[in-house]
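These notes concern the structure reproduced below.
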Amino acid sequence: MPRAGAEEFLQEPVVVEEKVDGANLGLSAGPDGRLRAQSRGNYLAPGRCHAQWNPLWPWLARRERSLVAALGAKLMLFAEWCHARHTIAYEALPDWFMAFDVFEPDTGVYWSVDRRTVLAAELGVSTVPEVFRGRLALRDVPGLLGKSALGAVRMEGIYLRREAHGRLLARAKVVGMEFKQQIEAHWTRRTLVPNRLAAEAGARS
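Here's what the structure looks like:
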């Protein structure tokens, strides 16, 4: 985003959340009332997708009834699925599933952070960490790219959200320079290494 556009974006208060390094996951209820999982526009099914999704199926089975009831035919819930380590090694995830958006396909509206977080709490699912909320000067944005809330590592980046009346108006992404410059084989071509849940890390300490 050009500097002028960034300064205009920051003329109103923003909500800043950590950009979590996982696999994009969308959940919705199908016409048959069954829960559907998709990633980047492709529907997922057991045995027909990457091994990082293997723990997803028992996770969904335990929550399918409540998710279908909450989402109905009107909502989609988006999350980062963080079972597999991509670029960042997380050691203190509250769960593999980190919700970041609720979307209304019929209206094209994304919910505000507060509305999304209320629904997530009702469902008992985790959300991506909040970093800041309020007015922010452009010069202060790089200072928000600090330690991740999910382990002893630097965060990959942040999302800045402008919201009003319970809905998202616009968003911007800032990625740390070290991750922009990092060049490596795509993680899917490496042996799968799981991230660690906070409960597991506590049990081992």
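Numbering (the working numbering), first residue to last: 2 to 206.
Each residue gets a CB set at the ideal place from its N, CA and C atoms; glycine is no exception.
Because the structure is a prediction, the values reported are computed rather than measured.
Per-residue DSSP class, three states only, for residue i
i, result
"residue 136", "coil"
"residue 141", "helix"
"residue 46", "coil"
"residue 23", "coil"
"residue 198", "strand"
"residue 39", "strand"
"residue 52", "helix"
"residue 184", "Here the model assigns residue 184 a pLDDT of 48, short of 50, so the residue's position is not dependable and the matter cannot be decided."
"residue 161", "strand"
Where the alpha helix (DSSP H) containing residue i begins and where it ends
i, result
"residue 68", "57–72"
"residue 120", "114–124"
"residue 5", "4–10"
First through last residue of the beta strand (DSSP E) which encompasses residue i
i, result
"residue 102", "98–105"
"residue 155", "Where residue 155 is concerned, there is no enclosing beta strand (DSSP E), given that its DSSP letter is neither H nor E."
"residue 13", "Careful: residue 13 lies outside any beta strand (DSSP E) and carries neither H nor E."
"residue 92", "Note, residue 92: premise wrong, no beta strand (DSSP E); not H, not E."
"residue 85", "First-last for residue 85: undefined, no H or E at that position."
"residue 174", "168–176"
Environment of residue i [buried if 16+ CB atoms lie within 10 Å]
i, result
"residue 184", "Annotation note: pLDDT 48 at residue 184 (below 50); position unreliable, coordinate value reported separately. It counts as exposed."
"residue 102", "buried"
"residue 34", "exposed"
"residue 23", "buried"
"residue 148", "exposed"
"residue 194", "exposed"
"residue 12", "exposed"
"residue 127", "buried"
"residue 97", "buried"
Close Cβ partners of residue i (< 6 angstroms) along its chain, the five nearest in sequence each way excluded
i, result
"residue 65", "36"
"residue 198", "94"
"residue 21", "81, 99 and 129"
"residue 176", "158"
Close-in-space but distant-in-sequence residues of the same chain around residue i (CB under 8 angstroms, 5 per side omitted)
i, result
"residue 17", "131, 132, 133, 134, 137, 145, 159, 160, 161 and 162"
"residue 2", "10 and 173"
Short CB-CB distance (under 7 angstroms) between residue i and chain C
i, result
"residue 78", "The displayed structure is made up of one protein chain only, and chain C is not part of it."
Cβ-heavy atom distance, residue i to the ligand ATP, below 6 angstroms
i, result
"residue 126", "The ligand ATP is not among the ligands present in this structure, which contains no ligands whatsoever."
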